[in-house]
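*Asks:*
There are 2 protein chains.
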Amino acid sequence: MSKSYTQTEQQFLDYLKEIQSYNEAISVMYWDLRTKAPKKGVKQRSETIGMLSQKVHQLSTSDQMKAFIDQLKDNTDDEIIQKSVLESEREYELNAKIPEDEFKKYVILQSEAESVWEEAREKSDFEMFRPYLEKLVEYNIKFANYWGYKENIYDALLDNFEPGMTVATLDKVFPALRDALTPLIEKVEQSNHKPDTSNILVPFAKEKQEAFSLEILKEMGYDFEAGRLDDTVHPFMIALNPNDVRVTTRYDEHDFRMAVFGTIHEGGHALYEQNLDESLIDTPLATGTSNGIHESQSLFWETYVARSRAFWERYFEKLKEYAPKEIGELSKEEFYRAVNEVKPSFIRIEADEMTYPLHIMIRYELEKGLINQEIEVKDLPKLWNDKMEEYLGIRPENDGEGVLQDVHWAGGAFGYFPSYALGYMYGAQLHNAMNEQFDVSQAIENGELNKIKEWLKDNVHQYGKTKKPLEILLDVTGEGLNADYLVNYLEEKYKDIYKW
Amino acid sequence: MSKSYTQTEQQFLDYLKEIQSYNEAISVMYWDLRTKAPKKGVKQRSETIGMLSQKVHQLSTSDQMKAFIDQLKDNTDDEIIQKSVLESEREYELNAKIPEDEFKKYVILQSEAESVWEEAREKSDFEMFRPYLEKLVEYNIKFANYWGYKENIYDALLDNFEPGMTVATLDKVFPALRDALTPLIEKVEQSNHKPDTSNILVPFAKEKQEAFSLEILKEMGYDFEAGRLDDTVHPFMIALNPNDVRVTTRYDEHDFRMAVFGTIHEGGHALYEQNLDESLIDTPLATGTSNGIHESQSLFWETYVARSRAFWERYFEKLKEYAPKEIGELSKEEFYRAVNEVKPSFIRIEADEMTYPLHIMIRYELEKGLINQEIEVKDLPKLWNDKMEEYLGIRPENDGEGVLQDVHWAGGAFGYFPSYALGYMYGAQLHNAMNEQFDVSQAIENGELNKIKEWLKDNVHQYGKTKKPLEILLDVTGEGLNADYLVNYLEEKYKDIYKW
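Protein sequences, first through last, are from chains E and R.
Per our numbering, residue 1 is the first one in the first sequence, and the count goes up by one each step.
Per our numbering, residue 1001 is the first one in the second sequence, and the count goes up by one each step.
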């Protein structure tokens, strides 16, 4: 039976569907650009994406949208419509402040910048990318001013990705987390029981890595009739619609960890989008509630599941079917310890759990500086390298493994990075809550990954944007953001691996 | 230096670019649906394509478009704008007659029908596809009546694909062609010198077929920085924009001819779109001038180039690098004769040059009957099989190799098929004209495929829609449609192969 709506409600739903359709078209083209598109077509494609994004912008900021919001805000019995109105209002407020023409230019810039970045990264040529990055920073400063803020201009950007998050909070949480991690990292460095990775960093054919990754995605409950796995430079998940949620990964034939843990990470994002409640489809509520919660899902699978001892108890034999003989000859324990090596390294997405948050802090400080105009783009490569030395004790040899490594800035996403660290902390809290209901390690060891997926679906996925991030956290864990769970988890796990 | 336009001209160009952008987005989604998209996302994607197609329809039939046409029709010095106005007017007249709502439903139906057809074809299940086909026929009859016609309702559809073509003409040309081909086919059948195909129909790995196909595409001058090659059920070429022109093919591991000649065929289409004059980009003139001329390009490469003795003189050694040993052990002559076997067969796109036009005539008669309401959809499978027996002396065992084999009807393309036969005839005429300027066989044997591409670019490709089909033909060959060149070519070639 289909619901009966008032005429205005039905018109509003149709209007939302039109916006979602434009977004779907944009996403297909974005996916194509990042995975399949030939070089010469990029410029024109970017313009097309710009044109369609402008349509979304127009629809989201139209007088018609304002009228829907005003008419329906306190005047609908339907919960989904009610929450869609609130979400539409939030977007209206954000978008209406940006002049349409500026918005279109910005979208074209984003798309071109990502393609230039791809080449610049490959060639480690920061100068090639610099003019694009300068313009992107300029736009973000302008937008932040349009949107307004209370304390710090960067708050305006943060709020886009994690509603309610501020510089004031991060400037407390991050240093505290750094203070907790530093002594742990020192203990790791002083340990006499370091894992040996020489036998896992061996040639591993791309096709075999892919075959194993596909097997694990299937075990996780990823629905291949509603998604697919492709190659890309920078791995990502993209939901074209909730029935077509795609994952991409990157293969390094000399380090299988990149592709395998990367696929599982993006697969975690994908499960979120594949398991939204059907009733949310075609509304702005049909996506994850925030970047931080989204990252809590990807990191849950990547770290709390795939880097656990229980996981390799279960799946090491499976891996051996694909892996080169050097890996096959390791004991489960040697293998488990090797994939959990803690070692300061250059590339964020290859970083271990312990040093990962430090990568985030570096980016956070740099982008906070850029947006506050205390740092200039041209100085970024040096500042990046200096901070790497300060936080991690290592210095990149080129910008490809330094400041150019991430796609985020090329896509204009300033204020996004902190979500990763938040995701780690949320993830640890969810892991703790799940453990109170069943023995997570035991479930993993039994190969019952589906039990984990179902729990996450029931407690997180299905709600989409109908619950705010802190609402989810509170409902599931009974408390707010708390970094202690992450620190405790890391201490316990690595004390065991490094035997201190 | 950029041209200077009047304000109206510039507004018109911007308006055309917006239409082209929508078309590009639709094409990306169409390509994705046919090559990569997971099953469950199809329905929603179809709706999105429907929504965007409706936008194109709205823009093409708007009062604004009418105003541009009226203002600019006899009032612009710019040739491209002038011809764009005429093309826009033609489309305006076509589209304005279809109610917007009907149009949207039709586009969604097309997209869904193609997906259903794909499954129905695989399962040889006509009943699964029947209700969709019935609706598609109904719509086409309705549209043909909206558009109007002088003599036969089917003319209204034909005109969409080959401006000016009529049932009256085809009812003369096709029987005459059939009368010329029948005795040739008889001679072939009675020949004592039949080629032996047993050694070419051998297992040939998909990857190797693909590698060889890619090499030949490169030789043809296909620009891989402006295109790519993918797998699909039914091979096609699609121009997302002139700098992104994609080719798809289908691999049969027991018959490499499918993929190799198919790729070359679609590559011929792609060269047309890649070599349009740059000044046409973003206008409705930036595509081939008609389906018939487009087919003359694909068939030129497939038959007059790739099935020639000269081609295998040059490329047989290359093929051997990839081919299984049974093929490698053949002489060039044995191989050349084998790939030119004439033998009535079920699948149009696998048919030889001689019997191919008969496949077209069958389709032509059936769709003419459907549109004139002399035939019912439910009777199609039997009628198809009866006609196959009458024209080719063979009867399909199931509908997958019969009435369900082609995607065209699923996409609502009635009136399209005759273009293929026209393309054969045009191709023979172009081949003759090219031969008057240089020795085509010698060029092929020298590996100078580029010389052929350049000639086609200069004489056909660059013009896009700025010249009408018959204008091209007249300018290049000095005469109109003439089937004699095709008949002479076939007679000479096969007399030699079958030694009659």
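Note that beta-carbon positions come from the ideal geometry of N, C-alpha and C, so glycine has one too.
On a predicted model such as this, the values are computed, not experimentally measured, just so you know.
Among residues of its own chain, excluding the 5 on either side of L276/E, which ones have a beta-carbon nearer than 7 Å to its beta-carbon?
*Replies:* P242, A286, H461, Q462, G464, listed in sequence order.
*Asks:* Determine whether the Cβ of I281/E lies closer than 9 Å to any Cβ atom of chain R.
*Replies:* Chain R, which has a Cβ nearer than 9 Å to the Cβ of I281/E, makes this yes.
*Asks:* In the DSSP assignment, what residue or residues form a beta bridge with V1247/R?
*Replies:* L1229/R, M1237/R.
*Asks:* Measure from the alpha carbon of K1467/R to the alpha carbon of each residue in T1249/R, D1255/R, P1284/R, then state which is nearest.
*Replies:* It is P1284/R.
*Asks:* Out of Y1030/R, M1051/R, K1003/R, Y1022/R, which one is the CA nearest neighbour of K17/E?
*Replies:* Among Y1030/R, M1051/R, K1003/R, Y1022/R, the Cα nearest to that of K17/E belongs to M1051/R.
*Asks:* Does the Cβ-Cβ distance between G262/E and R250/E come in under 9 Å?
*Replies:* Yes, the pair counts as a contact, with Cβ atoms nearer than the cut-off.
*Asks:* Find the nearest neighbour of S1124/R within the set T1477/R, E1397/R, F1414/R, S1441/R, judged by alpha-carbon distance.
*Replies:* If we check each option's Cα against that of S1124/R, E1397/R comes out closest.
*Asks:* Quick one: any contact between the region 20-30 of chain E and the region 52-60 of chain E, if contact means 3 or more CB pairs under 8 Å?
*Replies:* In short, these stretches touch, since the Cβ pair count reaches three.
*Asks:* For the region 226-246 of chain E, which residues have a CB atom closer than 7 Å to at least one CB atom of chain R, in sequence order?
*Replies:* Going along the region 226-246 of chain E in chain order, one finds A226, G227, R228, L240, N241, N243, D244 with a Cβ nearer than 7 Å to chain R.
*Asks:* Let me confirm a value: F103/E is counted as buried when at least 16 other C-beta atoms fall within 10 Å, else exposed. Which label applies?
*Replies:* The residue in question, F103/E, is buried, as its Cβ has 16 or more Cβ neighbours within 10 Å.
*Asks:* Between Q1442/R, M1258/R, E1334/R, which has its C-alpha nearest S995/R's C-alpha?
*Replies:* It is not possible to answer for residue 995/R, since the shown part of chain R is limited to 1001 through 1500.
*Asks:* In the DSSP assignment, find the unbroken alpha helix (DSSP H) run with A1421/R in it and report its ends.
*Replies:* That run of the alpha helix (DSSP H) goes 1418-1437.
*Asks:* Please confirm whether P418/E and E162/E have their CB atoms less than 9 Å apart.
*Replies:* In contact: P418/E and E162/E (Cβ atoms closer than 9 Å).
*Asks:* Taking only three categories from DSSP, how would you classify D171/E?
*Replies:* It is helical.
*Asks:* Tell whether a beta-carbon distance below 9 Å holds between Y1503/R and A1421/R.
*Replies:* Only positions 1001 to 1500 of chain R appear in the structure, and residue 1503/R is not among them; the question remains open.
*Asks:* Does any residue of chain R have a CB that is nearer than 9 Å to the CB of R45/E?
*Replies:* Yes - at least one Cβ of chain R is within 9 Å of the one on R45/E.
*Asks:* Is it right to say G1164/R is buried, meaning 16 or more other beta carbons lie within 10 angstroms of its own, or is it exposed?
*Replies:* Per the 10 Å Cβ criterion, exposed.
*Asks:* By the criterion of Cβ-Cβ separation under 7 Å, what are the contact partners of M1220/R in chain E?
*Replies:* Chain E residues near M1220/R: none, gap ~16 Å exceeds 7 Å.
*Asks:* Roughly how many angstroms lie between the CA atoms of G221/E and G447/E, to the nearest whole one?
*Replies:* Computed Cα separation, rounded: 11 Å.
*Asks:* Between T287/E and chain R, is there a C-beta pair that is closer than 9 Å?
*Replies:* With 9 Å as the cut-off, T287/E does not count as an interface residue toward chain R.
*Asks:* Can you round the beta-carbon distance between W391/E and M354/E to whole angstroms, since I take them to be within the 8 Å contact cut?
*Replies:* In the sequence on display, residue 391/E carries Tyr and not Trp. Going by Cβ atoms, the distance from Y391/E to M354/E rounds to 12 Å, so no, they are not a contact pair.
*Asks:* Does DSSP put A1156/R in a helix, a strand or coil?
*Replies:* A1156/R: helix per DSSP, three-state reduction.
*Asks:* Quick check: the region 393-410 of chain E against the region 124-134 of chain E, are there 3 or more CB pairs under 8 Å?
*Replies:* With a cut-off of 8 Å, the region 124-134 of chain E and the region 393-410 of chain E count as touching, because enough Cβ pairs lie within range.
*Asks:* Between the Cα of E134/E and those of K318/E, L474/E, K378/E, spot the shortest distance and give me the residue it belongs to.
*Replies:* Taking only the C-alpha atoms, the option nearest E134/E is K378/E.
*Asks:* Using a C-beta to C-beta distance shorter than 7 Å, which residues of chain R count as neighbours of A25/E?
*Replies:* Neighbours of A25/E on chain R, chain order: A1025, M1029, T1048, L1052.
*Asks:* Kindly list the residues whose CB is nearer than 7 Å to the CB of A113/E, restricted to its own chain and excluding five residues on each side of it in sequence; keep chain order.
*Replies:* The answer, listed in chain order, is Y132, L136, A410.
*Asks:* Counting only C-beta atoms, is K36/E closer than 9 Å to chain R at any point?
*Replies:* For K36/E, the answer is yes, since a Cβ of chain R falls inside 9 Å of its Cβ.
*Asks:* For G1412/R versus E1295/R, is the C-beta spacing smaller than 9 Å?
*Replies:* Cβ distance not < 9 Å, so G1412/R and E1295/R don't count as in contact.
*Asks:* So which of N1095/R, G1288/R, R1314/R has the shortest CA-CA distance to S1441/R?
*Replies:* Nearest option by C-alpha distance: R1314/R.
*Asks:* Against chain E, with Cβ distances strictly below 9 Å, would S1021/R count as a contact?
*Replies:* Closer than 9 Å: yes.
*Asks:* Measuring CB atoms only, is the region 1032-1042 of chain R touching the region 1085-1104 of chain R, in the sense that at least three cross pairs come out at less than 8 Å?
*Replies:* Contact between the region 1032-1042 of chain R and the region 1085-1104 of chain R is absent, because fewer than three Cβ pairs lie under 8 Å.
*Asks:* With a 10 Å radius around its C-beta and 16 neighbouring C-beta atoms as the bar for buried, classify D1179/R as buried or exposed.
*Replies:* When all chains shown are included, D1179/R counts as exposed.
*Asks:* Judging by CA-CA distance, which residue of D1078/R, D1352/R, N1482/R is the nearest neighbour of K1172/R?
*Replies:* The shortest C-alpha separation from K1172/R is found at N1482/R.
*Asks:* Does any residue of chain R have a CB that is nearer than 9 Å to the CB of G267/E?
*Replies:* Closer than 9 Å: no.
*Asks:* Please classify G1393/R as buried or exposed, where buried requires at least 16 other C-beta atoms within 10 Å of its C-beta.
*Replies:* That one is exposed.
*Asks:* Measuring alpha carbon to alpha carbon, tell me which of K66/E, H269/E, E376/E ends up nearest Y15/E.
*Replies:* Comparing Cα positions, the closest option is K66/E.
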